[in-house]
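Numbering (our numbering), first residue to last: 17 to 270.
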């Protein structure tokens with residue numbers, strides 16, 4: 017009898033732990049595809065699980081950090097979801113590739129059109145972003161999840177200094193050390209293409225300069241050959257004239 021009671025109490029306690037730990041672990045999160053290097057570009061997946069048994073997720077809002085605005089934010093199309101992008105004016109313009117950026121994306125909203133996140137499922141929402149800040153170790157994206165029963169869950173609590181996870185944690189992106197060229201993805205390809213174009217232009221310029229130099233040398237060589245030929249002809253003519261004069265003088269004496 018006592019053993020049965022102990023087993024029953026243990027089972028209830030274990031179930032309670034599972035019930036408490038389950039919802040805390042299933043929250044909106046963000047993970048990069050590969051690495052998210054400082055100063056580079058990355059593709060981020062916002063993972064949204066459905067935590068309710070009797071409701072489906074029909075709307076997801078992700079707010080982008082205002083203290084570290086991103087000049088490029090491009091969401092990938094998700095079947096069955098409509099995407100709205102909100103931009104805001106920047107207090108301090110960003111300079112990217114020699115151009116000033118005066119506004120940046122502050123929020124991306126996904127609204128279920130023909131699809132939704134049903135109970136027991138999750139959905140990923142990919143977004144390409146950059147350039148990531150070089151003066152931060154992490155970025156916090158506050159998210160809001162809306163269910164079809166009008167319930168709203170706000171994943172907006174930032175991590176505490178002690179490292180303990182809050183009840184409704186906001187998605188946090190950890191940044192890795194900056195790459196040597198501080199670029200990645202499309203930016204890296206663009207830089208390589210630009211470098212290749214510069215190399216081709218330089219090669220063409222060098223070839224043109226070499227061609228002109230060769231032409232100048234050939235012209236100079238041709239001029240020198242002509243001058244030498246004319247000089248030799250002049251000497252021959254001069255010698256012939258002297259010989260003719262000597263012969264003519266001898267004939268007169270005779």
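Glycine included, every Cβ here is placed at the ideal spot set by N, Cα and C.
Beta-carbon spacing of residue 139, residue 64 below 8 angstroms: yes
Whether residue 120 touches residue 103 by CB criterion (8 angstroms): yes
Reduced DSSP category for residue 253 - H, G, I as helix; E, B as strand; rest coil: helix
Beta carbon of residue 49 nearer than 8 angstroms to that of residue 159: no
Beta-carbon proximity list for residue 118, same chain, < 7 angstroms, skipping 5 on both sides: 105, 106 and 109
Span of the beta strand (DSSP E), counted from its first residue to its last, around residue 125: 115-128
Span separating the alpha-carbon of residue 85 from that of residue 189: 14 angstroms
Buried or exposed by the 16-neighbour rule on C-beta atoms within 10 Å, applied to residue 146: buried
For residue 94, the first and last residue of its enclosing beta strand (DSSP E): Here residue 94 belongs to no beta strand (DSSP E), and DSSP marks it neither H nor E.
Best match in 185, 193 and 132 for proximity to residue 163 [C-alpha to C-alpha]: 132
8 angstroms Cβ cutoff met for residue 97 and residue 126: yes
Chain-order list of residues whose beta-carbon lies under 7 angstroms from that of residue 156 (same chain, five-residue window excluded): 81, 174, 186 and 188
Residue 73 (DSSP reduced to helix, strand or coil): strand
According to DSSP, residues forming a beta bridge with residue 60: 48 and 143
Endpoints, the beta strand (DSSP E) within which residue 159 is located: 158-163
Nearest residue (CA-CA) to residue 88, options 135, 130, 76 and 149: 149
Cβ shell of residue 2 (< 8 angstroms), same chain only, five flanking positions each side left out: Nothing can be reported for residue 2: it is not among the residues displayed for the chain, which extend from 17 to 270.
CA nearest to the CA of residue 134, picked from 59, 57, 247 and 68: 68
For residue 124 and residue 165, the rounded distance between their alpha carbons: 22 angstroms
Those residues which DSSP pairs with residue 185 across a bridge: 173
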